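Working notes for the structure below.
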Amino acid sequence: MGRRVTVLVLAALIVGAAIGAIGDRQIRTSTTPTTVPSSTAPVTAIWPFASTATRFGDPVLAVQTFATDYLGFTNPLVGSLLRNANGSDEIVVRSSVNSAATTVLVRQSTSAHTWWVLGSSAPDIIVSSPSTMQRISSPVLLKGTSTAYEAVVNVQLRQDGSVTPVTSSSMMGGSMGVMRPFSKLVSFHAPSSRYGALLLRTYSAKDGRVIEASTVRVSFAK
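In terms of this note's numbering, the sequence shown is residues 666 to 887.
As structure tokens, this is what we get:
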């Protein structure tokens with residue numbers, strides 16, 4: 666009887682160690698970027714930067730770093746992956762539990778099996794122009810509808826490989842939950858990169874944190 670108990674205890678310890686090892690591998694996979702050649706970056710991707718060696722095997726980690734390092738969220742709440750039939754999947758990001766959702770579009774590379782961020786959209790910042798991958802030159806006309814604190818939507822134009830804006834501006838839309846149109850010409854100096862993104866954000870009246878963010882992938886006329 667004593668021998669049987671000993672065998673059962675040893676078996677339980679071995680199984681527990683195996684489960685722990687699997688769990689540890691899963692944690693490391695979900696928190697560590699994967700390094701692959703930068704040439705695998707699709708032109709439609711905003712993040713991670715093609716000029717770096719950082720790649721992501723986990724879509725949630727890709728979105729988490731995009732939300733904090735690119736969009737400027739502080740301690741964002743990042744949801745799980747939602748699969749879409751068209752191949753562009755989604756992950757929802759919120760600045761707090763009750764805040765509006767910023768939907769981040771992601772796509773997995775079929776060759777390297779790494780994840781890329783294609784853009785983001787917020788229900789209170791709807792961009793109608795320019796469209797995704799549109800070629801723009803200075804000045805670029807921004808059009809859409811929005812609602813925000815004191816009606817202000819903040820705008821940045823960035824080139825690939827940098828979070829430093831090529832130009833920054835702001836514009837007025839709706840406020841107090843009422844969506845109203847915005848339209849503004851934004852001038853900028855020609856960047857060195859061929860591609861970039863427009864970033865439109867609203868901030869909290871309470872503490873100035875980013876609440877929502879819409880991004881549009883663009884190319885620059887040369």
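Each residue gets a CB set at the ideal place from its N, CA and C atoms; glycine is no exception.
This structure is a prediction, so every number in the text was calculated from the model and none was measured.
Contiguous beta strand (DSSP E) assignments of at least 3 residues, all confined to the stretch 699-733: none
Alpha carbon to alpha carbon, what distance is there between tyrosine 814 and alanine 870? 6 Å
DSSP three-state call for leucine 742: helix, strand or coil? strand
Measure the C-alpha to C-alpha separation of valine 743 and leucine 783 and round it to an integer number of angstroms. 16 Å
How would you label methionine 841, buried or exposed, when you count the other beta carbons within 10 angstroms and need 16 or more for buried? exposed
Identify, in the order they occur along the chain, each residue of the same chain with its Cβ nearer than 7 Å to the Cβ of alanine 816, setting aside the five sequence neighbours on each side. The residues are Met837, Gly838, Gly839 and Ser840.
Does the distance from the C-beta atom of serine 802 to that of alanine 886 stay below 8 Å? Judged by beta-carbon spacing, alanine 886 lies within the 8 Å limit of serine 802, meaning their Cβ atoms are closer than that value.
So, using beta-carbon positions, are glycine 826 and phenylalanine 714 closer together than 8 Å? Note that the C-beta distance between glycine 826 and phenylalanine 714 is below 8 Å.
Below 8 Å CB to CB, which residues in the same chain sit around threonine 812 once its five sequence neighbours on both sides are set aside? Asp789, Gly838, Gly839, Ser840, Met841, Gly842, Val843, Met844 and Arg845
Aspartate 754 to phenylalanine 853 span [Cα, whole Å]: 32 Å
Contact under 8 Å by Cβ, alanine 878 with leucine 736: yes
Could you tell me which of Asn751, Tyr860, Asp872 and His778 sits nearest to methionine 798, measuring between CA atoms? Tyr860
Strand pairing of aspartate 754, partner residues [DSSP]: According to DSSP, which records beta bridges pairwise, aspartate 754 is partnered with Val771.
Coil, strand or helix - alanine 870 by DSSP: coil
From serine 793 to threonine 810, what does the alpha carbon distance come to, in whole angstroms? Between serine 793 and threonine 810, the C-alpha separation is close to 8 Å.
Taking proline 741 and valine 881 to be in contact with their CB atoms under 8 Å, please state how far apart those CB atoms are, rounded to whole angstroms. Actually they are not in contact, since the Cβ atoms of proline 741 and valine 881 sit about 20 Å apart, beyond 8 Å.
Pick out whichever of Val883, Ser884 and Val875 has its Cα sitting closest to the Cα of serine 764. Val875
Quick one: is alanine 718 buried, meaning 16 or more other Cβ sit within 10 Å of its Cβ, or exposed? exposed
Can you tell me which residues form a DSSP beta bridge with methionine 837? Val817
Identify which residue in Pro856, Asn751 and Phe738 has its Cα closest to the Cα of aspartate 872. Phe738
Alpha carbon to alpha carbon, what distance is there between valine 708 and tryptophan 780? 13 Å
CA-CA distance, alanine 855 and lysine 849? 18 Å
From which residue to which residue does the beta strand (DSSP E) around serine 793 run? Element bounds for serine 793: 790-794.
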